[in-house]
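Report on the following structure.
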Amino acid sequence: MKVRFWGTRGSIPAPGPDTNRYGGNTTCVEVRSGKDRLIFDAGTGIRRLGSLLKNEPVIRIIFTHFHWDHIQGMPFFIPIYMSDKPIEFYAYPPFYQGLKEMMVDQLKKIYFPVTYEDLPSLIKFFKLKKRKNVIGPFQISTIENNHPGGATGFKIEDSKGCVVFLTDNELRPPEAKTPWSEFVKFCKGADILIHDSQYNDRELKER
Numbered sequence: 005m006k007v008r009f010w011g012t013r014g015s016i017p018a019p020g021p022d023t024n025r026y027g028g029n030t031t032c033v034e035v036r037s038g039k040d041r042l043i044f045d046a047g048t049g050i051r052r053l054g055s056l057l058k059n060e061p062v063i064r065i066i067f068t069h070f071h072w073d074h075i076q077g078m079p080f081f082i083p084i085y086m087s088d089k090p091i092e093f094y095a096y097p098p099f100y101q102g103l104k105e106m107m108v109d110q111l112k113k114i115y116f117p118v119t120y121e122d123l124p125s126l127i128k129f130f131k132l133k134k135r136k137n138v139i140g141p142f143q144i145s146t147i148e149n150n151h152p153g154g155a156t157g158f159k160i161e162d163s164k165g166c167v168v169f170l171t172d173n174e175l176r177p178p179e180a181k182t183p184w185s186e187f188v189k190f191c192k193g194a195d196i197l198i199h200d201s202q203y204n205d206r207e208l209k210e211r
């Protein structure tokens with residue numbers, strides 16, 4: 005299993021010399037197993053990734069949630085404009101219920117010159133379960149993150165490795181939906197843990 009970060013920033017893109025080390029694009033992470041790949045979130049980092057996927061037989065994108073920095077690259081993702089290109093979008097409830105609406109709203113003419121109805125690609129929407137979602141060689145489990153408005157964390161496993169993706173999450177907020185102990189259990193066995201670290205303890209108190 006291989007992991008590549010196409011976008012690591014939160015809130016807004018931050019290009020420039022001060023962000024060259026980790027990049028200035030917002031959230032987009034690619035997980036690969038052999039020739040299969042999953043894409044997590046569609047921040048501005050997905051634009052560059054999209055230019056490399058013109059020959060991909062099926063593109064699969066999984067959303068943690070729909071805050072702007074996790075979807076703002078979607079209108080600039082080249083494959084959605086390719087005729088008959090199969091693209092699968094996944095989300096866990098309650099985000100699944102708004103998955104198509106999110107796409108349609110982003111591509112309204114008041115915001116963008118191309119509408120969702122104009123897209124020539126073959127788009128399908130899928131609802132994830134809490135456990136044992138099988139997508140190609142991947143087995144995916146979910147957990148509810150502690151984040152304003154909600155977000156989904158993911159555990160991605162194949163025959164050779166395990167990655168846990170917990171972006172936009174607070175481990176010990178005053179009113180936790182998911183306790184610390186549940187995250188510990190969820191992360192058990194992970195070879196790679198990707199976790200939000202935007203604020204230190206002092207900064208978090210001021211937010």
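For the sequence shown, my numbering assigns the number 5 to the initial residue and increments by one for each residue that follows.
For glycine and all other residues, C-beta sits at the position ideal for the given N, C-alpha and C.
Here the structure is a predicted model, which means the values were calculated and not measured.
Nearest CA to the CA of residue i: which residue from the options?
| i | options | result |
| --- | --- | --- |
| Tyr26 | Gly38, Tyr96 and Arg13 | Arg13 |
| Gly140 | Gly28, Pro61 and Gln76 | Pro61 |
| Val138 | Asp40, Ile50, Trp184 and Pro124 | Asp40 |
| Ala46 | Leu57, Leu126 and Thr68 | Thr68 |
| Thr171 | Lys58, Pro19 and Asp73 | Asp73 |
| Ser87 | Thr182, Lys104 and Ile127 | Ile127 |
| Ile66 | Trp10, Cys166, Phe130 and Ser185 | Phe130 |
| Glu179 | Pro152, Cys166, Lys192 and Leu197 | Pro152 |
| Val168 | Pro19, Gly193 and Lys181 | Gly193 |
| Asp162 | Ile144, Arg176 and Pro177 | Ile144 |
| Val118 | Tyr85, Pro98, Pro90 and Phe44 | Tyr85 |
| Lys209 | Phe158, Leu56, Arg176 and Ile91 | Arg176 |
| Pro90 | Trp184, Phe158, Leu123 and Lys6 | Leu123 |
| Asp200 | Ser15, Lys6 and Met5 | Ser15 |
| Tyr2 | Tyr115, Lys136 and Asn59 | Nothing can be reported for residue 2: it is not among the residues displayed for the chain, which extend from 5 to 211. |
| Cys32 | Glu105, Thr23 and Gly54 | Gly54 |
For my contact list, residue i and residue j are in at a C-beta cut-off of 8 angstroms; report their separation, rounded to the angstrom.
| i | j | result |
| --- | --- | --- |
| Asn150 | Glu174 | 4 angstroms |
| His147 | Val35 | A small fix is needed here, since residue 147 is Ile in this sequence, not His. The pair is not a contact, with the Cβ atoms about 17 angstroms apart (cut-off 8 angstroms). |
| Tyr30 | Pro21 | For the record, residue 30 in the displayed sequence is Thr; it is not Tyr. That belief does not hold up - the Cβ atoms of Thr30 and Pro21 are roughly 18 angstroms apart, past 8 angstroms. |
| Thr10 | Arg52 | Here residue 10 turns out to be Trp, not Thr, going by the sequence shown. Indeed they touch by this definition, with Cβ atoms about 6 angstroms apart. |
| Asp195 | Gly165 | 5 angstroms |
| Leu42 | Phe142 | 6 angstroms |
| Ser125 | Pro83 | 6 angstroms |
| Phe99 | Thr156 | 7 angstroms |
| Phe44 | Phe187 | Wrong, their Cβ atoms sit about 18 angstroms apart, outside the cutoff. |
| Tyr94 | Leu132 | 5 angstroms |
Got a sec, what are the start and stop residues for the beta strand (DSSP E) residue i sits in?
| i | result |
| --- | --- |
| Ser37 | Cys32 to Ser37 |
| Lys159 | Thr156 to Glu161 |
| Asp40 | Asp40 to Phe44 |
| Glu148 | Phe142 to Glu148 |
| Arg8 | Lys6 to Gly11 |
| Phe129 | Leu126 to Lys131 |
| Val138 | Asn137 to Ile139 |
Taking 7 angstroms as the cut-off, is the beta-carbon of residue i closer than that to any non-hydrogen atom of the ligand MG?
| i | result |
| --- | --- |
| Ile160 | As presented, the structure is devoid of all ligands, the ligand MG included, so that no description of it is given. |
Legend entry - Segment contact, 8 angstroms Cβ cut-off, at least three pairs: the region 72-87 with the region 105-114: yes
Legend entry - Those runs of the alpha helix (DSSP H) which lie wholly inside the region 44-81 and span at least 4 residues: 49-54
Legend entry - Ordered list of beta strand (DSSP E) runs contained in the region 169-205, each at least 3 residues: 196-199
Inset, instruction - Write down every uninterrupted run of the alpha helix (DSSP H) in the region 86-112 whose length is 4 residues or greater and which is fully enclosed by it, in chain order. - result: 103-110
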